[in-house]
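One structure is given here, and the rest of the page talks about it.
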Amino acid sequence: MRAVCSLVLIAFVSLLSGCGNGDFDDLDAYMADAKAHTKATIDPIPKFAPYEPFTYQAAALRSPFQPPIKIDLAHRQKGARQVKPDPTRVKQFLEGFNIEQFEMVGTLANETGKFALIKGAGGVYRMKVGDYLGRNEGRIVSITDSQVDVVEIVPDGEGGWLERPRTIALKERS
581 MRAVCSLVLI AFVSLLSGCG NGDFDDLDAY MADAKAHTKA TIDPIPKFAP YEPFTYQAAA
641 LRSPFQPPIK IDLAHRQKGA RQVKPDPTRV KQFLEGFNIE QFEMVGTLAN ETGKFALIKG
701 AGGVYRMKVG DYLGRNEGRI VSITDSQVDV VEIVPDGEGG WLERPRTIAL KERS
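Set out below in structure tokens:
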């Protein structure tokens, strides 16, 4: 057994001695060639323009997600001087919000009349005929089981005022 181990050890040592001849001339040549053909300098960091803040100036304009209102100038309705908002009237809470955000979610009725349940402005409100909502003097003129009819008073652009009817339809499955 000892003889076999010594034979294996001698064979192993002879194999290792063949690896150490130091013939790395081809590798040294390749490395020298690679060093000769590479750039030794690094490009400087590019100059960037300083950040300029942007302020959105179109907040008061029509939302781009709503279709534009087409106005036929030849057949356009002229405003009347007798139709105008009442500046002495005390504003109601829901007049501080856009009418587009309101939706009808139901109705209530009792011996005093019929009421619409209007959702918007962070809650659900009970409204009756004659109440106001929206920023354009929107007055509720009728309440049915399926909709609330509102008349708004809007400027016509020429110094007069127009009454514009709006409908808030019942939203089912809210």
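Numbered according to this note's numbering, the sequence shown spans residues 581 to 754. All C-beta atoms, glycine included, are put in the ideal place defined by N, C-alpha and C.
Check	Outcome
Meets three-Cβ-pair contact criterion under 8 Å: the stretch 684-696 and the stretch 709-725	yes
Cβ neighbour criterion (16 or more within 10 Å) applied to Met611	exposed
Lys751 (DSSP reduced to helix, strand or coil)	coil
Cβ-based neighbour list, Leu750, same chain, cut-off 7 Å, excluding 5 preceding and 5 following	Met684, Ser726 and Gln727
Between the CA atoms of Thr747 and Leu756 - distance to the nearest angstrom	Here the chain covers residues 581 to 754 and nothing more, so residue 756 does not appear.
Buried or exposed (CB count within 10 angstroms, at least 16 for buried), Val588	exposed
Proximity to Val670 [Cα-Cα], best of Asp605, Glu717, Val734 and Glu738	Glu717
Span of the alpha helix (DSSP H), counted from its first residue to its last, around Tyr610	Asp605 to Ala616
Nearest-angstrom Cα separation, counted from Ile733 out to Pro665	7 Å
Cβ separation of Met720 and Val704, assumed to be a contact under 8 Å, to the nearest whole Å	One point to set straight first is that residue 720 is Ile, not Met, in the sequence displayed. Actually they are not in contact, since the Cβ atoms of Ile720 and Val704 sit about 15 Å apart, beyond 8 Å.
Contact set for Tyr631: own chain, Cβ-Cβ below 7 Å, skip 5 residues either direction	none
Beta-carbon proximity list for Gly700, same chain, < 7 Å, skipping 5 on both sides	Phe677, Gln681, Phe682 and Glu683
Between the CA atoms of Leu607 and Lys615 - distance to the nearest angstrom	12 Å
Residue burial classification, Leu641 (beta-carbon count within 10 angstroms, cutoff 16)	exposed
Residue range of the unbroken beta strand (DSSP E) whose run includes Asn690	Glu683 to Asn690
Cβ shell of Ile622 (< 7 Å), same chain only, five flanking positions each side left out	none
Proximity test, Phe645 beta-carbon vs the ligand GTP heavy atom, cut-off 7 Å	This structure lacks the ligand GTP, and indeed carries no ligand of any kind.
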